[in-house]
Amino acid sequence: MKPEENKFADVPLRVKTWVYIIIVFALGISHPLAMKLFVSWISFQCFFEFLRLFKINSNRIIPSVFVGTVQFFLLYFFTIDNYFIYSAVFSIIVLLYFLLLKTASKQFYGVFIALLICLFAFPHLSFIRETSSGLNSIIFVVVVTELNDVFQYLMGKFFGKHKITPTISPNKTLEGFIGGVFLTVVLSNILGFFLLKTDIFVNAVIGVILGVFGFFGDVLMSYLKRKAEIKDTGTLLPGHGGLLDRMDSLIFNAPIFFWILSLLVKN
Numbered sequence: 002m003k004p005e006e007n008k009f010a011d012v013p014l015r016v017k018t019w020v021y022i023i024i025v026f027a028l029g030i031s032h033p034l035a036m037k038l039f040v041s042w043i044s045f046q047c048f049f050e051f052l053r054l055f056k057i058n059s060n061r062i063i064p065s066v067f068v069g070t071v072q073f074f075l076l077y078f079f080t081i082d083n084y085f086i087y088s089a090v091f092s093i094i095v096l097l098y099f100l101l102l103k104t105a106s107k108q109f110y111g112v113f114i115a116l117l118i119c120l121f122a123f124p125h126l127s128f129i130r131e132t133s134s135g136l137n138s139i140i141f142v143v144v145v146t147e148l149n150d151v152f153q154y155l156m157g158k159f160f161g162k163h164k165i166t167p168t169i170s171p172n173k174t175l176e177g178f179i180g181g182v183f184l185t186v187v188l189s190n191i192l193g194f195f196l197l198k199t200d201i202f203v204n205a206v207i208g209v210i211l212g213v214f215g216f217f218g219d220v221l222m223s224y225l226k227r228k229a230e231i232k233d234t235g236t237l238l239p240g241h242g243g244l245l246d247r248m249d250s251l252i253f254n255a256p257i258f259f260w261i262l263s264l265l266v267k268n
């Protein structure tokens, strides 16, 4: 069988894993406290996968548990402004720990990236959950972001011909990107009408922003994996890879959407 005829072979496994992802997600966002635990677990798992990605062979569990645990307490006890202050202090402590381990410069740089993403990007999911439209907003941003990834994947499979990032992620195509963003704008309008109560213009702008920056988050992770010469960041999610492989589109989208919400509330 030619590769072209089997290009959808992984779809059933990916769909099956999506069922489990949806169940865990529903439990995670069910309550603000559950959301804090959920985000802290995400940071633990993703930090662990980052250590694997950058080939840090010292004990990965202890610093990863430390990152996830401290993040939970920071999210629980502090407001967003104080959270970032204490997270910055904590990040310095973690960096000093890896410095004392005589971590190579490239690996040390990798730990820095991991801290930025785990402690400063993903926590915005918890901040979104705590806004006045918290539950609706977190459902909106995660569903739109994740389905944008699915849309771009499927549009690329069906119509992709022109590679958009051939040296970083050869499977991404211009047709997949454009088609995915278009469908994301449509989805953003549908969900925005019911969940955010925003007008068609605002929903369209949000759809474009989340579609484009979701793509950039995916490309960033693909670049890091390409440099590390690995296909997936882990094996937690069959058909998808590691949790980072599934969360990459939220690296930029979570913070951006939080600040979009702040502007919408002010207006």
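Following my numbering, the numbering of the sequence shown begins with 2 at its first residue and continues without gaps.
No residue lacks a Cβ here, since even glycine has one placed at the ideal position from N, Cα and C.
These numbers come from a predicted model, not from an experiment.
Open item on the list: Can you tell me which residues form a DSSP beta bridge with K164?
Closed with: Residue pairing by DSSP places K164 opposite T174 in a beta bridge.
TODO: Starting from L262, follow its DSSP beta bridges and name the residues at the other end.
DONE: For L262, no pairing in a beta bridge is given by DSSP.
Open item on the list: In whole angstroms, give me the CA-to-CA distance for A105 and A27.
Closed with: Between A105 and A27, the C-alpha separation is close to 40 Å.
- [ ] Might you give, ordered along the chain, the residues of its own chain that have their beta carbon closer than 8 Å to the beta carbon of T236, omitting 5 neighbours on each side?
- [x] Close CB contacts of T236 within its chain, under the 8 Å cut and outside five residues either way in sequence, are with G242 and G243 (chain order).
TODO: Return the residue from the list N204, L188 and P256 that minimises the CA-CA distance to G218.
DONE: Out of N204, L188 and P256, P256 has the C-alpha closest to the C-alpha of G218.
Task: Touch test, the region 106-114 against the region 154-161, Cβ-Cβ under 8 Å, three pairs minimum - done: Touching, no, given that fewer than three Cβ pairs across the two stretches are closer than 8 Å.
TODO: Thinking F128 and F259 are a contact (beta carbons under 8 Å), I'd like their distance in whole angstroms, please.
DONE: Indeed, because the Cβ distance is near 5 Å, the residues count as touching under 8 Å.
Open item on the list: Quick check: L184 and F141, are their CB atoms within less than 8 Å of each other?
Closed with: Cβ atoms of L184 and F141: not closer than 8 Å.
Task: Contact set for K3: own chain, Cβ-Cβ below 8 Å, skip 5 residues either direction - done: With a pLDDT of only 46 at K3, under the threshold of 50, the placement of this residue in the model should not be trusted; the figure read from the coordinates follows. Once the five neighbours on either side are set aside, K3 has no close Cβ partner at all.
Task: Buried or exposed (CB count within 10 angstroms, at least 16 for buried), E50 - done: Answer is buried; the Cβ neighbour count reaches 16.
Open item on the list: One question on the structure: do Y87 and K37 come within less than 8 Å of each other, judged by their Cβ atoms?
Closed with: No, they are not a contact pair.
TODO: Report the partner residues of G242 according to the DSSP bridge assignment.
DONE: Answer is L238, bridged to G242.
Task: Segment contact flag, the region 157-172 with the region 121-140, C-beta cutoff 8 Å, min 3 pairs - done: When Cβ pairs closer than 8 Å are counted between the two stretches, the region 157-172 is seen not to touch the region 121-140, the count staying below three.
Task: H32 in three-state terms, based on DSSP - done: In the structure shown, H32 sits in coil (DSSP, three-state: anything other than H, G, I, E or B).
Task: Alpha carbon of F55 to alpha carbon of P171, nearest angstrom - done: Each residue's Cα considered, the two are about 21 Å apart.
- [ ] Would you kindly report the start and end of the unbroken alpha helix (DSSP H) that includes L126?
- [x] L126 -> alpha helix (DSSP H) spans H125 to R130.
TODO: For G212, count neighbouring C-beta atoms within 10 Å of its own C-beta (all shown protein chains included) and say buried if the count is 16 or more, exposed if not.
DONE: In this structure G212 is buried. Its beta-carbon is surrounded by 16 or more other beta-carbon atoms within 10 angstroms.
Task: Where F79 sits in the DSSP three-state scheme - done: Secondary structure of F79 (DSSP, three-state): coil.
Open item on the list: Starting from A115, trace the alpha helix (DSSP H) in both directions and tell me its first and last residue.
Closed with: Annotation for A115: the continuous alpha helix (DSSP H) segment containing it runs S106 to L116.
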